[in-house]
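Undergrad: The structure's right below; bear with me while I get my questions together.
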Amino acid sequence: MKRILYRSGLLLALLILAGCAADQSPVYENPLAGVPPEGAEARLGWGAISGMAVAPDGETVVFATRCALLFYSIDPLALVRIDPLDFVPLSIDWSADGLTLALGREDGRVILWNVDTGTPIGEIDTRTRLVNRVAFSPTGDRLLTGSEGGQVIVWDAAGAAVQSFSTDEYRVGVLAWSFGGTLIAAAGETGVSVWNALTGDLIATRQFPDTVHDLAFIDDGDLIAVAYGYLDTGEGRPPGGLAIWNVPADSVTMVERGALAPWSVDWQPGGDRLASGWGGTTPVLVEADGTILDAFSDQPETPFDELVEVAWIDERTLLTRSQHGVIGVWNTRRERLIDSATITGHIDVVSGVDWSADGTQIASAGLDGRVIVWDAKTGEEVLRLVDADHNRALDVAISDDGVWLAAAWGSQQGEEIEGQAIGIYDLEDGRQVVRIDGGVFAWAAGGDQLVVADENRAAIWSFAGDRVIDLAVLNDSINRLAWSGDGRWIGGAAGAEIIVWDAASGDVAYRLVHPSGEVSDLDFSPDGEMLAAVAYGGRLARWELSGGMVNDWTDPPVDYFNALVFSPAGDRLAAGIGFHAGAGLLYDAATGEQIGLYADQNGPVLDLDFSPDGTRIAVGSTGGTVVVWGVEQDSSTDYTDITDFWSG
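Under the numbering used here, the sequence shown is numbered contiguously, ending at residue 1642.
Take a look at the structure:
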């Protein structure tokens, strides 16, 4: 039975979903079908968004995702083109002439993309790792790259390095050119450095109170706006804000607005104002002297959640993107929203995947706060759920009878997920019928009951919201649950300890300890005779419920186990792995032999599920996509082949 698969340990180390009916090969005519990795059957969605860039003429905006470039027209705001990618871009910028896009890759290369033809026209090998930011100069004849290791490099039009700088921090997350192209600013974690772009001389450095998210030159070098801060201001963290840094005078004007942190900042072209999202649902304008103008405070209810990116289109028009994928165009003179559109599918980490028992639908949960139900044959979105009280969807599962859908919701506050709740919905119309406090859940076979845990409490509930049985609990927070397919057992994990309850009485039947530490997931064989569990420490173990550990299969450990599920026939076990690179591993449930590997280097695998007939497997990852593989496929690739990608 389905169990929650939210990986809190991977949240910070980080369009989703594909599927097919159980009785036929996937035939995806949906235009949002992404390019699958070699050997896979299908991919739906384009993945987590890594950046946006507005064209110099202000008529188009492009979003870089894990699998594609999405081009939107500004007026009207609409998707007009998709360029599929066979690599993962981390950053994007548009050249001054509007002809070329620069795309920074995870492997240290920069791809130059022809906007007219939608094809690559060249590349630059920075000989670094993870090109986190790229920025064309205002004149368009130079390109700036920032990478892991604190490297900042200026490249000429021929792709030759002409300047190289090093920061004192482990990465370069933000870059900016001054308007005239004479100065360069770069930020790592909390420090910002400014150089003369012509001579390479370091002009100034400064530390800020918390993580720097964005930079903008206010004029040609005298002032720099720095957006910094963190969502959680507890534990001694100061509130986030904007810092307006007068570089020649080495003085700073700090602009704060409660405990909120701005995630993006941009300077009005030819004007005298800054724009920021600043933790809210409408843009905030700020004068150069630090005066906050809540110009949109009287804006009627908008379709936005927290704004994470802002960019001026012209001196009076502003473009925004919200955390959950809503794009907005604003008139700053009339102080009103002009147009909005929603990016389809998931745009963040895939935290849960479930295939319906009849094979016709696949449900997905994402850290973008969306639960989506897809038609498993066409890949079309048939239902979307959001929760007004929470900004994260943690997991999802369809009841065996296909009538109900359960979703786990939570709100991210800094590094923690708080205020968790389980919602039960009518799968036909999305109407919520039950709401239960709790963080993890699992359906019973048949779909008329579910078990819900909230910290160190656990209970069985009816789908109508009636508490049926309280379960004896562990001494620690329960973060994994599973219900055996025969209905006899419920399993829960807290730390390295696993407790097995008798589902009929609620009594404890077994207590087990995983040999590799904290359990990351567990599942029962369909006949209820065996329990298998994986641990973050990197081992897969299984127990006969008559007692005793049968085997500890993975020695030495793999990189990082995140998820586990038995096949419908009970003869296979699929495990999601990865901390940097990720994959799904397939094991023979009787012998422990690895017989398959499903990987596309799109991020750690946080969830996976078999089709009802066991012939296919849907693999979801932090990259924001789910790829469908045939279970019987070449298993010659070793996991070390993909982890080597991250070791250089």
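Glycine included, C-beta positions come from ideal geometry on N, C-alpha and C. Here the structure is a predicted model, which is why all the values come from computation and not from measurement.
1. Taking the C-alpha atoms as reference points, what is the distance between residue 1222 and residue 1269?
2. Assuming residue 1293 is part of the beta strand (DSSP E), what are its boundary residues?
3. Could you check the C-alpha separation between residue 1474 and residue 1415 for me, to the nearest Å?
4. CB-CB under 8 Å to residue 1320, same chain, minus the five flanking residues each way: which ones, in chain order?
5. Whole angstroms are fine: how far does the CA of residue 1287 sit from the CA of residue 1329?
6. In three-state DSSP terms, what is residue 1009?
7. Please name the residue in 1101, 1432, 1085, 1367 whose C-alpha comes closest to that of residue 1107.
8. Tell me the rounded alpha-carbon separation between residue 1608 and residue 1602.
9. Tell me whether residue 1340 sits in a helix, a strand or coil according to DSSP, three-state version.
10. Name, in chain order, the residues that DSSP records as bridge partners for residue 1059.
11. According to DSSP, simplified to helix, strand and coil, what is residue 1200?
12. In this structure, does DSSP put residue 1257 in helix, strand or coil?
13. In this structure, how does DSSP classify residue 1361 when only helix, strand and coil are distinguished?
14. Ignore the nearest five residues each way along the sequence and tell me which others in residue 1057's own chain have a CB closer than 6 Å to its CB.
15. How is residue 1288 classed by DSSP in three states: helix, strand or coil?
16. In the structure shown, what three-state DSSP assignment does residue 1147 receive?
17. Which same chain residues end up closer than 8 Å to residue 1425 when comparing Cβ atoms and leaving out the 5 residues on each side of it in sequence?
18. One question on the structure: do residue 1390 and residue 1377 come within less than 8 Å of each other, judged by their Cβ atoms?
19. Tell me, please, which residues DSSP counts as bridged to residue 1116.
20. With a CB to CB cut of under 6 Å and the five nearest residues on each side skipped, what residues in its chain are close to residue 1227?
21. Express the C-alpha separation of residue 1309 and residue 1580 in angstroms, rounding to a whole number.
22. Can you give me the C-alpha to C-alpha distance between residue 1323 and residue 1283, rounded to a whole angstrom?
23. Determine the DSSP secondary structure at residue 1266, reduced to helix, strand or coil.
24. DSSP puts residue 1581 in a beta bridge; with which residues?
25. Please look up how many angstroms separate the CB atoms of residue 1667 and residue 1606, rounded, as I've assumed it's under 8 Å.
26. Kindly indicate which residue of 1384, 1170, 1356, 1257 has the alpha-carbon position closest to the one of residue 1375.
27. Among 1513, 1494, 1179, which has the Cα closest to the Cα of residue 1505?
28. What does DSSP give as the partner residues of residue 1355 in its beta bridges?
29. Pick out whichever of 1174, 1348, 1169 has its Cα sitting closest to the Cα of residue 1692.
30. In the DSSP assignment, what residue or residues form a beta bridge with residue 1498?
31. On a CA-only basis, which of 1597, 1273, 1623 is nearest residue 1041? Give me that one, please.
32. How would you call residue 1264, buried or exposed, if buried means at least 16 neighbouring beta carbons within 10 angstroms?
33. Helix, strand or coil for residue 1619 per DSSP?
34. Starting from residue 1094, follow its DSSP beta bridges and name the residues at the other end.
35. To the nearest whole angstrom, what separates the beta carbons of residue 1480 and residue 1521, a pair I think is in contact under 8 Å?
36. With DSSP run on the structure shown, which of helix, strand or coil describes residue 1249?
TA: So, to answer that:
1. On the sequence shown, residue 1222 is found 228 positions in, with the first residue counted as 1. On the sequence shown, residue 1269 is found 275 positions in, with the first residue counted as 1. Rounded to the nearest angstrom, the two C-alpha atoms are 14 Å apart.
2. Within the sequence shown, residue 1293 is the residue found at index 299, counting from 1. Taken as a continuous stretch (DSSP letters only), residue 1293 belongs to no beta strand (DSSP E), as it is neither H nor E.
3. Start at 1 with the first residue of the sequence shown, and residue 1474 comes out as number 480. Start at 1 with the first residue of the sequence shown, and residue 1415 comes out as number 421. Distance between the alpha carbons of residue 1474 and residue 1415 is about 15 Å.
4. Locating residue 1320 in the sequence shown gives position 326, where the first residue counts as 1. Only 1297, 1298, 1299, 1334, 1335, 1336, 1337 meet the Cβ criterion.
5. The residue labelled residue 1329 in the question sits at position 335 within the sequence shown. The residue labelled residue 1287 in the question sits at position 293 within the sequence shown. When rounded, the distance between both Cα atoms is 11 Å.
6. Counted from its first residue, the sequence shown places residue 1009 at position 15. Caution is warranted here: a pLDDT of 22 is assigned to residue 1009, below 50, making its placement in the model unreliable, and no coordinate value can be reported.
7. Within the sequence shown, the letter at position 113 stands for residue 1107. Comparing Cα positions, the closest option is 1085.
8. As a first step, residue 1608 is located in the sequence shown; it is residue number 614 there, counting from the start. As a first step, residue 1602 is located in the sequence shown; it is residue number 608 there, counting from the start. Their backbone Cα atoms lie some 12 Å apart in a straight line.
9. The sequence position of residue 1340 within the sequence shown is 346, counting from 1. Coil at residue 1340, not helix or strand.
10. As a position in the sequence shown, residue 1059 is number 65, starting the count at 1. DSSP, once it has assigned bridges, lists 1043 as partnering residue 1059.
11. Within the sequence shown, residue 1200 is the residue found at index 206, counting from 1. Strand, per DSSP.
12. Position 263 of the sequence shown, counted from the start, is the residue given in the question as residue 1257. In the structure shown, residue 1257 sits in coil (DSSP, three-state: anything other than H, G, I, E or B).
13. Position 367 of the sequence shown, counting from 1, holds the residue named residue 1361. Three-state result, residue 1361: coil.
14. Against the sequence shown, residue 1057 aligns to sequence position 63. 1043, 1046, 1064.
15. The sequence position of residue 1288 within the sequence shown is 294, counting from 1. Looking at residue 1288 - three-state DSSP - the assignment turns out to be coil, as it is neither helix nor strand.
16. Along the sequence shown, read from residue 1 onward, the residue named residue 1147 stands at position 153. In this structure, residue 1147 counts as strand in the three-state DSSP scheme.
17. For the purposes of this step, residue 1425 is identified with residue 431 of the sequence shown, where counting begins at 1. Around residue 1425: 1419.
18. As a position in the sequence shown, residue 1390 is number 396, starting the count at 1. As a position in the sequence shown, residue 1377 is number 383, starting the count at 1. Cβ distance not < 8 Å, so residue 1390 and residue 1377 don't count as in contact.
19. For the purposes of this step, residue 1116 is taken as the residue at position 122 of the sequence shown. Paired residues: 1106.
20. For the purposes of this step, residue 1227 is taken as the residue at position 233 of the sequence shown. With a pLDDT of only 48 at residue 1227, under 50, the local geometry of the prediction cannot be trusted, and the value read off the model is given with reservation. Excluding sequence neighbours, residue 1227 sits near 1233, 1253.
21. By one-based count along the sequence shown, residue 1580 stands at place 586. By one-based count along the sequence shown, residue 1309 stands at place 315. About 55 Å.
22. Here the question's residue 1323 lines up with position 329 in the sequence shown. Here the question's residue 1283 lines up with position 289 in the sequence shown. Residue 1323 and residue 1283: Cα-Cα distance of roughly 26 Å.
23. The count along the sequence shown starts at 1 and reaches residue 1266 at position 272. Looking at residue 1266 - three-state DSSP - the assignment turns out to be coil, as it is neither helix nor strand.
24. Taking the first residue of the sequence shown as 1, we reach residue 1581 at position 587. 1567, 1588.
25. Coverage of the chain is limited to positions 995 through 1642, which leaves residue 1667 absent and any answer about it impossible.
26. Counted from its first residue, the sequence shown places residue 1375 at position 381. Selected option, being the one with the closest Cα: 1356.
27. To locate residue 1505, count along the sequence shown from 1; it is residue 511. Looking at the Cα atoms, 1494 is the closest of the given residues.
28. Your numbering for residue 1355 matches position 361 in the sequence shown. The partner list for residue 1355 (beta bridge, DSSP) reads 1369.
29. Because the chain in this structure spans residues 995 to 1642, residue 1692 falls outside the shown range and cannot be described.
30. Taking the sequence shown and counting its residues from 1, one reaches residue 1498 at position 504. In the DSSP output, where bridge partners are listed per residue, residue 1498 has none listed.
31. As a position in the sequence shown, residue 1041 is number 47, starting the count at 1. Ranking 1597, 1273, 1623 by Cα distance to residue 1041 puts 1597 first.
32. For the purposes of this step, residue 1264 is identified with residue 270 of the sequence shown, where counting begins at 1. Residue 1264 comes out exposed.
33. The residue given as residue 1619 occupies position 625 in the sequence shown. In the structure shown, residue 1619 sits in coil (DSSP, three-state: anything other than H, G, I, E or B).
34. On the sequence shown, residue 1094 is found 100 positions in, with the first residue counted as 1. BP columns for residue 1094 point to 1108.
35. Along the sequence shown, read from residue 1 onward, the residue named residue 1480 stands at position 486. Along the sequence shown, read from residue 1 onward, the residue named residue 1521 stands at position 527. Yes, residue 1480 and residue 1521 are in contact; Cβ-Cβ is about 6 Å, under 8 Å.
36. Residue 1249 sits at position 255 when you count from the first residue of the sequence shown. Looking at residue 1249 - three-state DSSP - the assignment turns out to be strand.
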